[in-house]
Each structure stands twice: as structure tokens, then as C-alpha cells.
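Take a look at the structure set out below.
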Amino acid sequence: MYSQTEILKEPEINSSNSAEGELVINIGPQHPATHGVLHLVVTLNGETVKKVEPHLGYIHRSIEKMCESLSYRQFIYVTSRMDYLSAHVNNHACAMTVEKAMQIEVPTRAQYIRVIMDELTRIASHELWWGALAMDLGAFTPFFYAFRERETINDIMEQTCGARLTMNYMVPGGVMADIHPSFQQKVKDFIKLFKSNIDEYDELVTGSVIFQSRMKGVGCLSKEDAISYGCTGPVARGSGVHCDIRKIYPYEIYKQVEFNEIIETAGDSFSRYLVRIKEMKESIKIIEQLIDNIPEGDYQAKTKAVLKLPKGEFYTRVETARGELGVYIVSEGGTTPYRIKFRSPGFSNLSALDHMVRGSKIGDLMATMGTLDLVIPDIDR
Amino acid sequence: MQPLTKKVKQVERKPMTFLERLYLPEIFKGMAITFSHIFKKVPTVSYPEQTRPFAKVFRGLHVLNRDEEGREKCTACGLCALACPAEAITMEAAERVRGEENLYREERYAAKYEINMLRCIFCGLCEEACPKDAIYLSETFAPANYQRKGFIYGKEDLLIPNPLTQPEEYEKAKGERAPATQ
Ligand code: SF4
Ligand code: SF4
Numbered sequence: 001m002y003s004q005t006e007i008l009k010e011p012e013i014n015s016s017n018s019a020e021g022e023l024v025i026n027i028g029p030q031h032p033a034t035h036g037v038l039h040l041v042v043t044l045n046g047e048t049v050k051k052v053e054p055h056l057g058y059i060h061r062s063i064e065k066m067c068e069s070l071s072y073r074q075f076i077y078v079t080s081r082m083d084y085l086s087a088h089v090n091n092h093a094c095a096m097t098v099e100k101a102m103q104i105e106v107p108t109r110a111q112y113i114r115v116i117m118d119e120l121t122r123i124a125s126h127e128l129w130w131g132a133l134a135m136d137l138g139a140f141t142p143f144f145y146a147f148r149e150r151e152t153i154n155d156i157m158e159q160t161c162g163a164r165l166t167m168n169y170m171v172p173g174g175v176m177a178d179i180h181p182s183f184q185q186k187v188k189d190f191i192k193l194f195k196s197n198i199d200e201y202d203e204l205v206t207g208s209v210i211f212q213s214r215m216k217g218v219g220c221l222s223k224e225d226a227i228s229y230g231c232t233g234p235v236a237r238g239s240g241v242h243c244d245i246r247k248i249y250p251y252e253i254y255k256q257v258e259f260n261e262i263i264e265t266a267g268d269s270f271s272r273y274l275v276r277i278k279e280m281k282e283s284i285k286i287i288e289q290l291i292d293n294i295p296e297g298d299y300q301a302k303t304k305a306v307l308k309l310p311k312g313e314f315y316t317r318v319e320t321a322r323g324e325l326g327v328y329i330v331s332e333g334g335t336t337p338y339r340i341k342f343r344s345p346g347f348s349n350l351s352a353l354d355h356m357v358r359g360s361k362i363g364d365l366m367a368t369m370g371t372l373d374l375v376i377p378d379i380d381r
Numbered sequence: 001m002q003p004l005t006k007k008v009k010q011v012e013r014k015p016m017t018f019l020e021r022l023y024l025p026e027i028f029k030g031m032a033i034t035f036s037h038i039f040k041k042v043p044t045v046s047y048p049e050q051t052r053p054f055a056k057v058f059r060g061l062h063v064l065n066r067d068e069e070g071r072e073k074c075t076a077c078g079l080c081a082l083a084c085p086a087e088a089i090t091m092e093a094a095e096r097v098r099g100e101e102n103l104y105r106e107e108r109y110a111a112k113y114e115i116n117m118l119r120c121i122f123c124g125l126c127e128e129a130c131p132k133d134a135i136y137l138s139e140t141f142a143p144a145n146y147q148r149k150g151f152i153y154g155k156e157d158l159l160i161p162n163p164l165t166q167p168e169e170y171e172k173a174k175g176e177r178a179p180a181t182q
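Chains A and B supply the protein sequences, listed in that same order.
The first sequence begins at 1 in the UniProt record's numbering and counts up by one.
The second sequence begins at 1 in the UniProt record's numbering and counts up by one.
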């Protein structure tokens, strides 16, 4: 029998864990700033962060294993619960993998609808991140403003998809239902509302000197490190890495739309912030190009009732609001996958946290973590 | 630094001026924005006094349907349970005996039909799978409960009121999503 104290008495653990004046504290698993059940074991020297060790597993639901027992129609819906803020994009990735494997041609109308929905989801997700980041830094009001706009998007989703957050709108071969007759008008109203309000965001938060001095030069990540940690999405683009999947491996109709990939080279928290703010504007640009040109036609390709993937391995990737999401399916030719693996953006982005905050103050730890835009169920799955 | 592609847009950065470096004007500017919102339209509703109608396609609580003569449509074929990704549906089938023709439409019926609302992810696949239009998702959601067992909805909770004997309750429970009766 052993007790906790005996273990701590062991000399090598003693020396590595508590050098002179060092203090180990736990942040989480229940902590408002971790936005979920993330557990950080932080080693401090005074106020200086020496080491950050993320402990995962508190919200592990073994989605990958669960998917192995579900059919190719069913497993798509379970993946909404991974990155619930871009549930739509997750579904999209899974549906695309099945389509690629079965060589299903998706009708153009469905592709347009999918991309518009993806971009709306991206905006909604970035809105929430913006509000939550400001809240992490102690400003509460932006949170409400962000939710006001996000609510409009949720309403659009509800009207067309039938649910507000976990939309379950994608099916292999297209989308579940046609868009609501007032969908286009509602999206245009949203664009107008968003454009009139985004300036307020800039004035209230981006331009604020207090905010800038909390962000600039904090949590730096060099381009080389971003690549070697496998960071993707706005985190890597904030460090100057060209990694937007919509540009590198265009899927659906992203090849036809005109938009910029936003890149910042400074690599600090403020550049990650700017990348996301600008990305929202780019998303609006994409939606504006598509919303009036949704072609007539089917919204769903004709597929068999029971889907069977051919034997082999299939991989697709999409750009979610957080970065690159990869779906890898190994099929034995049956109705259920043999193995599924998701490459989630949050996991690699979190792994860079320790490197980013070493040597900075504990207050900056939260600011830096806020700019990583972590969704814990996405990391744990 | 050289941008990697032509499609890349680099974001510019300016140093702060002296006036900006004084925090006070910034605080007042922020305050001015937030205070101006007092006079703007309120985007919230004061739930539960006011409620907001759901969209017509909203996928909420399930309804087990009856036909226009008040007979249960479900034949306990189990297709909904098979289609369910969350394995939320369980049922027990029973044979209809003579004299029950006014209760059940077909020879087999569900003696027990349970949906665990804590497992359900409200995807609507059960509705899609049902060959008899016997189940659909209405635009209400499961109310809160103190106990887990309260979320296991039995047949008595899911079954729609009889349109012949309780027409008012039937209309209320029917909702917008109900499939057209045939
Ligand atoms: S809505 Fe989906 S999860 Fe819920 S019972 Fe029906 S099939 Fe199952
Ligand atoms: S609800 Fe429909 S699918 Fe489910 S058992 Fe009854 S008849 Fe079959």
C-alpha cells in the first residue's frame, strides 16, 4: 500500500517538481477561463510561468470508437459533438469523406448551400471566441454584443436546418432539406447587421489601447515552431504560415470564390486576434458572392439507402474555424467503418501552449489561451 | 517578410501615439459605446414571461402519431431503433387481438415504446426511417426534470391525444411538422 505523500518523497520527483521557490497549481478542470473541462498543471516561480502541462481526458466520449459501430449515415451526426461551435463543418468533412470514397457527385446547389453554411458557422464561431476572449481579459460587455450577432446566425440555422447548434444538416450526397424560402433575405439582413456592428467591435476592443497592451508581444510563436507543433488555422496564420485548406486543397466551390487568406507575421496574441477578425470579414465576402447565385436544382444526390464504402483508406480535410480537420476512414467494404480517426485542430494548437507561455506572467497565460480558441470536446473527442 | 502566395493579405501594424498610450481616453471611449446601447432596441426576450416561437422545421420532442380514426400507427417494426445513432429507442411488440381494431391500425403494435431523451441527439433519423409516418419530431423540447428517469419517455408521454375523443389536445400537440394524414 502506498500513500500520496510517499510518492512525493521520492528524490527524483522532488527535484524536478519543486525546485527552490516553485509552486505547482492546478487550473481547471472546472475553471471559467478554460472554457470547458481542461486541466492545466502550471508550475510557477512567483508570477512567472515555468511550465504548463495540459491534462486531458475529462470529456472523452470515445467518439472515434463509437463511430465504428455506426453506419455511414449515422456517424456524421455524432461528430457534431466534437467541435460543437463548428458542428456544421465537422459534418461537412465526414460527408465529404463518404462522398469521395463512393464517388458521389454533389449537386452544385448543395455545394453552394454547404459553403454558405460553413462560412456562417465560421462567423458564429469567431463571434463567440471574440466575446469569450474579451471576457477572459476582464471585459464583459463584448460577450453580449457577440451573442447578439451570433443569435441571428442561430436563427437562420434553426429556420433551415431544424436545430440551432448541432445542426445535423449534412447527409452524404448533399444537404438534408432545401433552404427556407426566406433564407437568402435573412442572410442578407445578417450581412447588413454585421457590417454595421463590426466597426463597433473594432472601436470597443481592437482599437482599445488597454486591450492592445495586453495582447501585443504576448504568447509569441515563431513560424518554425508553429509548423513543428503542427498548428493550423488562425493560430498558424498568425505566425505567418500559409495553411488555409480552402486555398491549398480547395474543396466544394471554394476554387471559384474570391477571397484572401489572412496572414499575420508577428506571431503574438494580437496577430492571432487580427487574423480572426479579418477572417470574419472575408467570410462575409464569400457569402456575398454566393448568396445571390445559388443555382436551381437538386439539393441532394440520389444515394442508396444503405451506404457501403469500397475497401480502402480515405482521407479528407476541411478548414474549420479552428484549423485543419482531417477525417480518416479505413473501410473493409462493410456498412460500418473499420476505423475512424479525426485529426482535430485544437489538439495540436493546445500542444504549443507550453512553448508560448514559458517565462511570461500568469495573467498572460489566460490571454494566450484565449487566442488559441480551444474547444475542449474537440481536443478530447 | 515575403508573403508565400499572392493571395495572402498581410495585416499592417502602427505604433501607438502618446494620446493612445494614456489609458483614460480609451476607457471613456469604451464607456461611451456601452452606454449608447442603453437607448438601443433590446435584442433579448424575457423568458419565461415571453417566449419565442420555434421555426417550423425545428426538431424537438418526438410524437407518436395516430391516424384520423385515433388508431396508433406504429407497428413496432423497429426500423427507427435501427436508424437511431444514439440507440435511444427501445420497444416491445405485441400482437393485436380481436376487439382492438379501433386501437391499433395494424396487426402488430408497440406494447412498450421508450425514448431516452438524455441519449437522443434530435437528429430526426427515426422520423426519416419510419415507413408508417408513425413518429415525428415536434417543435417543443424536453422540459427540465429533477431525475434522470424522468427523461425516459414512455408511450403515454409520446403518444398524441386521440383526435376523436380529445380534439383540442390533439390539435395542440400536433404541431406544424406533422405529416399529412392519409
Ligand atoms: S431523433 Fe435521432 S437520436 Fe433521437 S430518437 Fe430519433 S433517431 Fe434517435
Ligand atoms: S415508429 Fe415507425 S419505424 Fe418505429 S417501430 Fe413504429 S412503425 Fe416502425
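From the three backbone atoms N, C-alpha and C, an ideal C-beta is built for every residue, glycine too.
Quick caveat, the model's predicted, so the values are computed rather than measured.
Look at residue i and residue j and say whether their C-beta atoms are less than 8 Å apart.
i, j, result
"A:ILE362", "A:LEU44", "yes"
"B:CYS126", "B:CYS74", "no"
"A:ASP178", "A:TYR315", "no"
"B:PHE58", "A:GLU158", "yes"
"A:THR160", "A:ALA87", "no"
"A:VAL218", "A:THR368", "yes"
"residue 431 of chain A", "A:GLY346", "Here chain A comprises residues numbered 1 to 381, so residue 431 of chain A is not present and cannot be evaluated."
"A:ARG272", "A:GLY238", "yes"
"A:ILE153", "A:LEU128", "no"
"B:ILE121", "B:ALA86", "yes"
"A:CYS220", "A:THR232", "no"
"A:SER80", "A:THR335", "no"
Which residues does DSSP list as the beta-bridge partners of residue i?
i, result
"B:ALA110", "B:ALA93"
"B:ILE152", "B:ASN116"
"A:ASN26", "A:VAL41"
"A:GLU324", "A:GLU319"
"A:PHE314", "A:ILE329"
"A:PRO54", "A:LEU40"
"A:ILE227", "Looking at the DSSP assignment, A:ILE227 forms no beta bridge with any residue, so it has no partner."
"A:MET170", "A:VAL175"
"A:VAL49", "A:LEU44"
"A:GLN300", "A:GLY174"
"A:GLU158", "According to DSSP, A:GLU158 bridges with nothing at all."
"B:PHE136", "First, the residue type needs correcting, since residue 136 of chain B is Tyr and not Phe in the sequence shown. Looking at the DSSP assignment, B:TYR136 forms a beta bridge with B:VAL63."
Among the candidates the options, whose CA atom is the shortest distance from the CA of residue i?
i, options, result
"B:ILE89", "B:CYS130, B:ARG52, B:ILE38, B:ARG96", "B:CYS130"
"A:ALA33", "A:LEU133, A:PRO54, A:ASP189, A:GLY207", "A:LEU133"
"B:SER36", "A:MET280, A:THR97, A:VAL235, A:THR141", "A:THR141"
"A:GLU296", "A:SER62, A:PHE147, A:GLU64, A:GLN111", "A:GLN111"
"B:ALA110", "B:ARG52, B:GLU95, B:ILE121", "B:GLU95"
"A:ASP268", "A:PRO234, A:SER69, A:THR121", "A:PRO234"
"B:ALA134", "B:CYS120, B:CYS80, B:ALA144", "B:CYS80"
"A:GLU313", "A:LYS100, A:SER80, A:SER71", "A:LYS100"
"A:PRO310", "A:ILE287, A:LEU290, A:PRO337", "A:PRO337"
"B:GLU61", "B:PHE54, B:LEU137, B:LEU164", "Looking at the sequence itself, residue 61 of chain B is Leu, so the reference to Glu does not match. It is B:LEU137 whose Cα lies nearest to the Cα of B:LEU61."
"A:ILE284", "A:GLU332, A:ASN260, A:ASP378", "A:ASN260"
"A:LEU372", "A:LYS186, A:SER125, A:TYR254, A:GLN103", "A:SER125"
"B:THR76", "B:GLU171, B:LYS155, B:PRO143, B:VAL45", "In the sequence as presented, Thr is not what sits at residue 76 of chain B; that position holds Ala. It is B:LYS155 whose Cα lies nearest to the Cα of B:ALA76."
"B:LEU103", "B:GLU168, B:GLU128, B:PRO161", "B:PRO161"
"A:ILE291", "A:LEU70, A:ILE116, A:ILE263", "A:ILE116"
"B:TYR170", "B:ILE27, B:GLU26, B:GLY70", "B:GLY70"
"A:ILE156", "A:SER69, A:LYS188, A:CYS67", "A:LYS188"
Using the three-state DSSP reduction, which class does residue i fall into: helix, strand or coil?
i, result
"B:PHE58", "coil"
"A:ARG343", "strand"
"B:GLN50", "coil"
"A:LEU137", "coil"
"A:GLY363", "helix"
"A:LEU309", "coil"
"A:VAL375", "coil"
"A:GLY370", "helix"
"A:HIS31", "strand"
"B:PHE28", "helix"
"B:MET1", "Note that B:MET1 has pLDDT 44, beneath the 50 cutoff, so the model's placement of it is unreliable and the number below is only indicative. In this structure, B:MET1 counts as coil in the three-state DSSP scheme."
"B:ILE160", "coil"
"A:GLU252", "coil"
"A:LEU193", "helix"
What residues of chain E sit near residue i, judged by a beta carbon separation below 8 Å?
i, result
"B:ILE121", "Annotation note: the requested chain E is absent from the structure, which comprises protein chains A and B."
**Asked** Counting pairs of Cβ atoms below 8 Å between the region 206-216 of chain A and the region 261-277 of chain A, do you hit three or more?
**Response** yes
**Prompt:** Is the region 236-256 of chain A touching the region 191-200 of chain A in the sense that three or more CB pairs, one from each, lie closer than 8 Å?
**Reply:** no
**Message:** For the pair the region 23-38 of chain A and the region 337-345 of chain A, tell me if three or more CB-CB distances fall below 8 Å.
**Reply:** no
**Prompt:** Would you call the region 222-232 of chain A and the region 82-97 of chain A in contact, with 3 or more CB pairs under 8 Å?
**Reply:** no
**Asked** When the Cβ atoms of the region 168-176 of chain A are set against those of the region 22-31 of chain B, are three or more pairs found closer than 8 Å?
**Response** no
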